[in-house]
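With the working numbering applied, the sequence shown has no gaps in its numbers, which climb one by one up to 257 at the end. Every residue, glycine too, gets a C-beta built ideally from N, C-alpha and C.
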Amino acid sequence: MFTLPEPILANVNGFTITSPDLDASFACYQLLGFTEIFRTDFPFPLIMMTDGSLQIMLRKDPTPYIALTYYVKNIGKTVNELEAKGVDLATKYKPTDMVKRCLIKSPDGINISLVEIVDGFTQPPGPTMLQMPQEDYFTPEKYVNKRCGMFGEFAHPVADIDASMIFWEKLGFKVLSKMASPYPWAIISDGISTVGLHQTTSFTEPAITYFASDMREMIEQLKAMGLTNFTEKGPANIVVETPEKQHINLFKLGM
3 MFTLPEPILA
13 NVNGFTITSP
23 DLDASFACYQ
33 LLGFTEIFRT
43 DFPFPLIMMT
53 DGSLQIMLRK
63 DPTPYIALTY
73 YVKNIGKTVN
83 ELEAKGVDLA
93 TKYKPTDMVK
103 RCLIKSPDGI
113 NISLVEIVDG
123 FTQPPGPTML
133 QMPQEDYFTP
143 EKYVNKRCGM
153 FGEFAHPVAD
163 IDASMIFWEK
173 LGFKVLSKMA
183 SPYPWAIISD
193 GISTVGLHQT
203 TSFTEPAITY
213 FASDMREMIE
223 QLKAMGLTNF
233 TEKGPANIVV
243 ETPEKQHINL
253 FKLGM
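This is the structure in structure tokens:
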């Protein structure tokens with residue numbers, strides 16, 4: 003069993019995803035096991051939702067966007083520490099901003115956002131695959147999300163896995179596993195997030211990825227409940243395209 007690092011960015015995180023139609027997107031995520039935490043129109047229309055172990059902020063915006071987001075207590079201190087390590091910020095907050103935000107871009111174009119924490123943002127209590135005991139991986143009764151299984155990784159293609167790993171290490175990530183077959187890939191974590199680096203051209207978009215030992219049955223259940231916008235990747239694997247064009251991998255664990 004690997005030892006997880008301590009997060010250096012924040013202890014609360016999730017994904018930020020934009021959508022031109024919040025209700026249509028939320029309906030899709032509801033089908034995938036998410037429930038609403040709260041919604042508001044200030045400072046912009048948004049819905050905060052969770053599946054019990056992962057949280058996603060749906061933000062109304064017509065431009066497609068996904069970011070791995072950290073909710074930071076002292077954003078000034080965190081930014082200073084990152085800049086001292088040579089991390090470049092794509093955007094940086096102004097002292098007068100009501101909500102302070104920064105954006106970092108990985109060498110492969112992945113967005114990592116830092117947002118100064120406000121009341122109401124806490125980490126979901128349920129474990130992701132990262133925090134679950136490995137002996138529970140094949141016990142579906144212990145999955146927090148009964149529709150999709152265990153959140154496993156934020157998978158994305160990379161041009162150079164070694165260069166990507168150097169970048170993510172500056173953000174506090176450590177390698178949990180690294181393989182050379184069927185292409186170079188690695189699973190990395192900072193103790194709260196799990197990111198998959200895949201040096202391949204077999205997929206081109208980042209994807210929130212779930213695993214389950216009974217994924218075949220889960221997929222059949224989702225189809226029966228009305229899931230339609232997906233691509234088959236074998237009898238027990240699909241890639242769901244949400245209304246706002248994000249990708250959700252539902253993959254069977256093991257052979």
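Delimiting residues of the alpha helix (DSSP H) encompassing residue i
i       : result
Phe-46  : Neither: Phe-46 is in no alpha helix (DSSP H) and is coded neither H nor E.
Gly-78  : 77-86
Gln-163 : The question names Gln, but residue 163 in the sequence shown is Ile. Residues 163-172.
Ser-27  : 24-33
Three-way DSSP call (helix, strand, coil) for residue i in this model
i       : result
Met-181 : strand
Ala-69  : strand
Thr-211 : strand
Gln-136 : helix
Ile-221 : helix
Pro-142 : helix
Ala-226 : helix
Asn-13  : coil
Cys-104 : strand
Ser-204 : coil
Gly-128 : coil
Ile-190 : strand
Glu-38  : strand
Ser-21  : strand
Thr-343 : Past the boundaries of the shown model lies residue 343; the chain is included only from 3 to 257, so the question cannot be answered.
Lys-148 : coil
Exposure of residue i, with buried meaning 16 or more beta-carbon neighbours within 10 Å
i       : result
Tyr-72  : buried
Asn-82  : exposed
Asp-53  : buried
Gly-258 : Beyond the ends of the chain as shown, which are 3 and 257, falls residue 258; an answer cannot be given.
Ala-161 : exposed
Lys-254 : buried
Val-101 : exposed
Asp-192 : buried
Thr-18  : buried
Met-227 : exposed
Asn-251 : buried
For residue j and residue i, the rounded distance between their alpha carbons
i       : j       : result
Ile-68  : Thr-141 : 31 angstroms
Pro-2   : Glu-207 : Residue coverage of the chain in this structure runs from 3 to 257, which leaves residue 2 outside it and unanswerable.
Met-152 : Ile-194 : 14 angstroms
Lys-225 : Thr-202 : 29 angstroms
Thr-93  : Ile-114 : 11 angstroms
Trp-170 : Gly-111 : 12 angstroms
Ile-49  : Phe-40  : 6 angstroms
Asn-147 : Leu-34  : 8 angstroms
Arg-103 : Val-74  : 9 angstroms
Phe-36  : Met-51  : 6 angstroms
Lys-172 : Leu-178 : 16 angstroms
Where the beta strand (DSSP E) containing residue i begins and where it ends
i       : result
Phe-232 : 232-234
Gln-57  : 57-62
Pro-97  : No beta strand (DSSP E) contains Pro-97, which DSSP labels as neither H nor E.
Asn-251 : 249-254
Glu-243 : 240-243
Asn-113 : 113-118
Ala-92  : Taken as a continuous stretch (DSSP letters only), Ala-92 belongs to no beta strand (DSSP E), as it is neither H nor E.
Gly-154 : 152-159
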